[in-house]
Amino acid sequence: MPLPTVILPGYLESAIAYRQLEQSLQQLDFPTTTVPLRRRDWLPTIVGRPITPILQQLDRTINHTLQQYNATQVNLIGHSAGGWISRIYMGGKPYLARGDVKPFLWEAHPLVATLITLGTPHISQERWTRFNLDFVTHNYPGAFHKNVRYVCVAGKTIFGERRRGSWLAYSSYQLTCGKGNTWGDGITPIEAAHLEGAENLVIEGVRHSPRSPGIWYGSPEPLKAWVQYLI
80 MPLPTVILPG YLESAIAYRQ LEQSLQQLDF PTTTVPLRRR DWLPTIVGRP
130 ITPILQQLDR TINHTLQQYN ATQVNLIGHS AGGWISRIYM GGKPYLARGD
180 VKPFLWEAHP LVATLITLGT PHISQERWTR FNLDFVTHNY PGAFHKNVRY
230 VCVAGKTIFG ERRRGSWLAY SSYQLTCGKG NTWGDGITPI EAAHLEGAEN
280 LVIEGVRHSP RSPGIWYGSP EPLKAWVQYL I
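Those letters in the sequence shown? Residues 80 to 310, by our numbering.
Structural data, given as structure tokens:
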């Protein structure tokens, strides 16, 4: 039986948006659970505040999943911000963000067999997210934990330009990697979605979010490109 899989939603997303992906993985015989986030659960984290509440929910979900399936490890899928939040969770440095009273430490990398990030901005120039992302980059650069398989999936869908139809992509890419004229999924540029030392994939035609029009990373066809990495 494959290892159980846990999905961590992207920033300001709720678990319900990942129901289709969860069901698709279950139909492929991967027992799958989504961290039961609601959109309001993200409110304490906005404007650069600590993402500790999300990390705590992730920890509860993973521990419950391990007990439920009598397993010692899970596969972890992090969409968008869920990818770099997962990297904090796996790490061995105390996380003390602005506003936290005490440091938190999960050091959960032994619990994760494979981390798959979908459209995750692993770097950012945006001032509200810089603190958290700099913490990850400085403490856990690249595919840091050698016992974890890292798979980073990027989308090549929209080229950022200062014109109608691609202005949002241009602005988002600019805030993320400092360059607007590049390819990405409409929100995250390819170069920010990959990590040194990871298995880095590019899928054409996928958009960033499960709420985006058209197909996204978790739609049935793009899923075929990365589901093979679940074990």
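From the three backbone atoms N, C-alpha and C, an ideal C-beta is built for every residue, glycine too.
Per-residue burial, residue i [other beta carbons within 10 Å of its own, 16 or more giving buried]
i	result
methionine 169	buried
glutamate 101	buried
tryptophan 121	buried
tryptophan 163	buried
valine 153	buried
tryptophan 207	exposed
histidine 217	exposed
glutamate 92	buried
histidine 143	exposed
threonine 151	exposed
leucine 274	buried
arginine 241	exposed
arginine 166	buried
glycine 293	exposed
Residue interval of the beta strand (DSSP E) (run including residue i)
i	result
glutamate 283	278-283
lysine 303	Note, lysine 303: premise wrong, no beta strand (DSSP E); alpha helix (DSSP H) at 299-305.
alanine 233	228-235
threonine 113	111-113
Reduced DSSP secondary structure (H/G/I, E/B, other) of residue i
i	result
histidine 273	coil
histidine 217	helix
alanine 96	helix
leucine 309	coil
arginine 206	helix
proline 189	helix
leucine 87	strand
threonine 124	helix
asparagine 154	strand
leucine 197	strand
Host alpha helix (DSSP H) of residue i (start-end)
i	result
histidine 143	131-147
glycine 161	160-169
tyrosine 252	246-256
Candidates the options: closest to residue i by CA position
i	options	result
glycine 297	Ala96, Thr236, Asn211 and Phe214	Ala96
glycine 127	Ile282, Arg98, Leu309 and Asn211	Asn211
glycine 263	Pro182, Ser159, Trp185 and Ala304	Ser159
phenylalanine 183	Leu190, Tyr174 and Pro189	Tyr174
leucine 82	Leu190, Asp213, Glu283 and Arg243	Leu190
tyrosine 219	Gln146, Gly276 and Ile269	Gly276
Check your understanding: Is it true that the region 224-233 meets the region 248-261, where meeting means three or more beta-carbon pairs spaced less than 8 Å apart?
Key -> Touching, no, given that fewer than three Cβ pairs across the two stretches are closer than 8 Å.
Exercise for review: Check whether the region 102-113 touches the region 130-139, counting contact only when three or more Cβ pairs, one atom from each stretch, lie closer than 8 Å.
Suggested key: no
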